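Step one of this worksheet: look at the structure below.
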Amino acid sequence: MGTALRLSLCGLILSIPLTAAAWCEAPKKLEQIAADDFRAGLARWRLEAEDERAVVTVQNGVLDIATPAGLSLWWREPLSGDYAIRFTALALPAPVSAGPHAGRLSDLNMFWNALEADGSAPYPRSGKFAGYDTLPSYYVGFGANANTTTRLRHYTGSERRLLTGYADGAIAEPGEAPMTAQTRLHAGQPLTVEIVSRQPTASDPVHLRWRAGSNELFTRADANARLHGYFAFRTTASRLQIRDFQVLQCR
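Here this note's numbering is used: position 217 in the sequence shown is 212, and no number is missing along the way.
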């Protein structure tokens, strides 16, 4: 694949404090178990890009993704137990290479707890979105479809099941709430995202939490929850900058 990976190892990174979380029940506490400050290259990530003009760079503590088409960036380590993923994202106008989509804000997306149907790690794909339809996982598309939808899906391996979401009226599916300022991307405005995956308990049956800034947009308390697997950033025809990637565990 001809995708460029340009690396620069300078600059400073902002850290996210290991604050107490209501879902991490005492006497347990949150501890950082993995992180990437984007200073040492991309060896801990696996890139799948649909278009060879996609560019992923590391510079000044920032992961910069600029792509004209579909792209996934997989964290190579599987995640399990009661854990949280945190990072800060910045949406910028899509690059000129995106053609008719150039300049748009769109698609701060992610897979997590992804495993193949046989329980193995996700096999390499081309980066084309349809290629993931058979990959069991959870998926959030934040500001997707040119910043007109924000949705939580469960990929079962046979369908992309919409669990809940927000959408502009013309494309809203039954049961979806209207889009708001809190469910859209805003150019140049940093957004801290937190994903929580945990074993439900009698006192807290919620196994999935998804937060953008101070807003908890999604929670789920489903039977047969997915509780382990792999994480990936996902986007298309967009430019994103990511900082401060952390994995925390409640233990």
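Cβ coordinates follow ideal geometry from the N, Cα and C atoms, glycine included.
Predicted model only: the values in this text are computed from it and were never measured.
Inter-residue spacing [alpha-carbon to alpha-carbon] between Q241 and V91: Here residue 241 is taken as the residue at index 246 of the sequence shown, counted from 1. Here residue 91 is taken as the residue at index 96 of the sequence shown, counted from 1. When rounded, the distance between both Cα atoms is 31 Å.
Three or more C-beta pairs below 8 Å linking the region 113 to 129 and the region 198 to 215: no
Beta-carbon proximity list for E171, same chain, < 7 Å, skipping 5 on both sides: Start at 1 with the first residue of the sequence shown, and residue 171 comes out as number 176. Only G160, Y161 and A162 meet the Cβ criterion.
Outcome for R156 when other beta-carbon atoms lying within 10 angstroms are tallied against a minimum of 16: Locating residue 156 in the sequence shown gives position 161, where the first residue counts as 1. Flag for R156 reads exposed.
Counted within 10 angstroms of its Cβ, other Cβ atoms place L7 as buried (16 or more) or exposed: Against the sequence shown, residue 7 aligns to sequence position 12. Caution applies to L7, whose pLDDT of 31 falls short of 50 and renders its modelled position unreliable; the value that the coordinates give is listed next. L7 is exposed by the Cβ-count criterion.
Three or more C-beta pairs below 8 Å linking the region 59 to 73 and the region 194 to 209: no
Residue range of the unbroken alpha helix (DSSP H) whose run includes A248: Because the chain in this structure spans residues -4 to 246, residue 248 falls outside the shown range and cannot be described.
CB-CB length for T145 against T178, believed under 8 Å: Residue mapping note: residue 145 aligns to position 150 of the sequence shown, counting from 1. Residue mapping note: residue 178 aligns to position 183 of the sequence shown, counting from 1. Rounded, the Cβ-Cβ distance is 4 Å, consistent with contact.
Coarse secondary structure for Y127, derived from DSSP in three states: For this step, residue 127 is matched to residue 132 along the sequence shown. Looking at Y127 - three-state DSSP - the assignment turns out to be helix.
Stretch-stretch touch, CB-based, cutoff 8 Å, three pairs: the region 74 to 91 with the region 221 to 238: yes
Alpha-carbon to alpha-carbon, V53 and Y150: Taking the first residue of the sequence shown as position 1, residue 150 is located at position 155. Taking the first residue of the sequence shown as position 1, residue 53 is located at position 58. Cα to Cα, the separation comes out at about 30 Å.
DSSP bridge partner residues for L243 (one or two, in chain order): In the sequence shown, counting from the first residue as 1, residue 243 sits at position 248. L243 pairs with Q27 and A79.
Min CB distance F213 to chain C below 8 Å: Of the protein chains in this structure there is only one, and it is not chain C.
According to DSSP, residues forming a beta bridge with V57: Numbered from its first residue, the sequence shown carries residue 57 at position 62. V57 is bridged to Q54.
Enclosing beta strand (DSSP E) for M174 [first to last residue]: Position 179 of the sequence shown holds residue 174. Run containing M174: none; DSSP gives neither H nor E here.
Cβ neighbour criterion (16 or more within 10 Å) applied to A139: One-based indexing of the sequence shown puts residue 139 at position 144. So A139 counts as buried.
Residue interval of the beta strand (DSSP E) (run including T230): Counted from its first residue, the sequence shown places residue 230 at position 235. Per DSSP, T230 belongs to the beta strand (DSSP E) from Y225 to T230.
Cβ neighbour criterion (16 or more within 10 Å) applied to P117: Along the sequence shown, read from residue 1 onward, the residue named residue 117 stands at position 122. When all chains shown are included, P117 counts as buried.
E47 versus G152 - alpha carbon distance: As a first step, residue 47 must be located in the sequence shown, where it is residue number 52. As a first step, residue 152 must be located in the sequence shown, where it is residue number 157. Approximately 27 Å between the Cα atoms of the pair.
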